[in-house]
Each structure stands twice: as C-alpha cells, then as structure tokens.
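Q: A single structure is presented below for examination.
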Ligand SMILES: NC(=O)c1ccc[n+]([C@@H]2O[C@H](COP(=O)([O-])OP(=O)(O)OC[C@H]3O[C@@H](n4cnc5c(N)ncnc54)[C@H](OP(=O)(O)O)[C@@H]3O)[C@@H](O)[C@H]2O)c1
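Residue numbers (the working numbering): 11 to 256.
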C-alpha cells in the first residue's frame, strides 16, 4: 500500500492507533478524514495535524453511518481508502451480570456491525478509484480470546473472519482488503490506564506502516504476530497463559 496520494477515512481517528495512522497518511501527503463521537477529541487531533478533516459520527448507529457516507460521497468523491479502526472494549463478568442488552450489544454494533456496513456502503465508490483499499483493525484477541473481554474478543474474531471472506469476494476487483492486527498497545482503549503495559502506539504504527508499504495484506506486531500465526495447540497454551486465574 502506498501511503501518499490517497483520500482516507479513518474511523476512530481522533486518538490512539487511528490518530497515529492518520499522521502517517498526512505526512505522506494523503487527504485524511477522521471520525469519532467526541467533537473535542477530534478538534484536538486537528490541532496536531491541521490538514485533517473531522466529522462527528457514532459508527455504532446505522443512520449516522449512512449520513457520513453520503457526506463523504459529496465532499470527497475520490475517497479510496476506508480504515475501519473505531472500537471499544468492555471488561468484566458481563455475561454473568444482569445488564441491558442495549449496553451489552454496543461492542457488537461498533466493532463488528459498523465495519461490515461501512464496507458495504463504500465499496461502490471505492471500486471506481485508483488503489482502493479497505483496512480492518482487528486484534490479537481475534485469535486467542481474553475471557474477561468476551464480546470484544468475539467481535474481533468475527471481523477477522469477515475480512478473509471480503478479500475473497473482492478478488476480481481493484479493492485490496487489508488487516491490521495489534497486540496490546498503550492507548486509552477500554479506559485510561488499562493498556499502559502495551507497546508504544507510534512504535506499533511505524512497524505496521512498514509492513503495509511492503505489500503485506495482514500486518501484525509483537505478540499479535505470535497469536495470529499460532497452531491450535499453541493457541490453547496462549489461552491458558492469558486466562489463568490467580
Ligand atoms: N490498544 C490496544 O491494545 C488494541 C489492541 C488490539 C486492537 N485494538 C483496536 O485498535 C482500534 C483503535 O483502538 P485504540 O487502541 O487506538 O483505542 P482508542 O484510543 O480508545 O481509540 C478508539 C477510537 O475509536 C473511537 N470510537 C469508539 N467508539 C466509536 C463510535 N461508536 N463511533 C465512532 N468512533 C468511535 C474513539 O473516539 P470517540 O470516543 O470520540 O468516539 C477513539 O478515538 C480499535 O478497533 C481497537 O479494538 C487496540
């Protein structure tokens, strides 16, 4: 993937991995649009990288996805890359607690429904462009679940599966379907302080960008490389190591 001469939408581009990816695209001369729910966060991101365009959108809501798609089709008809990066992570014994399904299913809406729906909305536009791509951000937890984040892990496994099928469905089109597979990265995912043990976000995106530039369709880093390439036997071992009770 060439990082220059693109028009890119990065969902959840106002912070963390999305913002760091946005800065790579901007530095390489691409036009970048980022979206998120929190206007202030987007404005802060724009202060850091003034060429960025921001758009407030909750990708967990189908009507907001459609409105954003219509707005981008009008304002940026040459958009050629969609990065499905927005995500949330909830932890706890969610399935054993009484909770409203609306709250519980938010992760499914944001982490899984949104990338699928946005891909479907944008494919007719992407297919007409030069070097079009859909980039899905999954997780090492797509391959080895973290039992205290059961819905999150399941959404990422499903997004990995969808990415494989979509790549095959689009094989005769110019659209590349790429996957970024992060390990734990030090961002605010799930709330401040939960991922401070993770790798530095810029170290992570530098490595990923290098892999994407060299033509890899799956870009993983650190422990995510191990998980995403593990045999079933290795997955069972990693699962036990990650999920053992103290
Ligand atoms: N950090 C890790 O350890 C790690 C590991 C594996 C995978 N990942 C994946 O990497 C991606 C980026 O996460 P991150 O680590 O960079 O965390 P982050 O800093 O919390 O970034 C997530 C971004 O998504 C946006 N977002 C969340 N819900 C949204 C919604 N409904 N609509 C629009 N935007 C929404 C957030 O902005 P608003 O709150 O303003 O909406 C935020 O900017 C996620 O898909 C995550 O699952 C992260």
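We put the CB at the ideal spot given by N, CA and C, even for glycine. Please read these numbers as outputs of a predicted model, since none were measured by experiment.
Mind checking whether the beta-carbon of residue 192 lies closer than 7 Å to any heavy atom of ligand 1?
A: Yes, the beta carbon of residue 192 sits closer than 7 Å to at least one heavy atom of ligand 1.
Q: Which of helix, strand or coil does DSSP assign to residue 206?
A: Residue 206 falls in the coil class under three-state DSSP.
Q: Please state whether the Cβ-Cβ distance between residue 26 and residue 198 is less than 8 Å.
A: A contact, by the Cβ cut-off of 8 Å.
Q: Check whether the Cβ of residue 59 sits closer than 7 Å to any heavy atom of ligand 1, and report yes or no.
A: Result no, Cβ not under 7 Å from ligand 1.
Q: Taking 8 Å as the threshold (C-beta atoms), are residue 95 and residue 23 in contact?
A: Taking 8 Å as the Cβ cut-off, residue 23 and residue 95 qualify as a contacting pair.
Q: If residue 131 sits next to residue 47, beta carbons under 8 Å apart, how far is it from one beta carbon to the other, in whole angstroms?
A: Not a contact, Cβ separation roughly 19 Å.
Q: From what residue to what residue does the alpha helix (DSSP H) around residue 129 run?
A: Taken as a continuous stretch (DSSP letters only), the alpha helix (DSSP H) holding residue 129 covers 124–136.
Q: What is the DSSP secondary structure of residue 149, reduced to helix, strand or coil?
A: In the structure shown, residue 149 sits in coil (DSSP, three-state: anything other than H, G, I, E or B).
Q: Buried or exposed: residue 155, going by 16 or more other Cβ atoms within 10 Å of its Cβ?
A: Under this definition residue 155 is a buried residue.
Q: Check whether the Cβ of residue 205 sits closer than 7 Å to any heavy atom of ligand 1, and report yes or no.
A: At least one heavy atom of ligand 1 is nearer than 7 Å to the Cβ of residue 205, so yes.
Q: Count the C-beta pairs between the region 175–194 and the region 131–150 that are closer than 8 Å, then say yes if the count reaches three, no if not.
A: With a cut-off of 8 Å, the region 131–150 and the region 175–194 count as touching, because enough Cβ pairs lie within range.
Q: Is residue 14 near ligand 3, with its Cβ less than 7 Å from a heavy atom?
A: No copy of ligand 3 occurs in the structure displayed; its ligands are ligand 1 alone.
Q: Got a sec, what are the start and stop residues for the alpha helix (DSSP H) residue 94 sits in?
A: It is not in any alpha helix (DSSP H) - residue 94 instead sits in the beta strand (DSSP E) that spans 91–94.
Q: Leaving out five residues before and five after residue 20 in sequence, what residues of the same chain have Cβ atoms less than 7 Å from its Cβ?
A: Excluding residues within five positions, the ones whose Cβ falls inside 7 Å are 28, 31, 32, 42, 44, 93 and 95.
Q: Pairing CB atoms from the region 51–62 with CB atoms from the region 221–234, are three or more of them under 8 Å?
A: The answer is no - the region 221–234 does not touch the region 51–62, with fewer than three Cβ pairs under 8 Å.
Q: Shortest alpha-carbon distance to residue 86 belongs to which of 143, 217, 18 and 14?
A: Closest by alpha carbon: 18.
Q: Note down the Cα distance separating residue 244 from residue 63, rounded to an integer number of angstroms.
A: About 43 Å.
Q: I'd like to check one pair, residue 151 with residue 142: are the Cβ atoms closer than 8 Å?
A: Result no, Cβ atoms of residue 142 and residue 151 do not sit closer than 8 Å.
Q: With distances taken from CA atoms, which of 242, 115, 12 and 36 is nearest residue 161?
A: Nearest C-alpha to residue 161: 115.
Q: Looking at the secondary structure, which residues open and close the beta strand (DSSP E) in which residue 64 lies?
A: From DSSP, the beta strand (DSSP E) with residue 64 extends over 63–66.
Q: Could you check the C-alpha separation between residue 118 and residue 88 for me, to the nearest Å?
A: Their backbone Cα atoms lie some 30 Å apart in a straight line.
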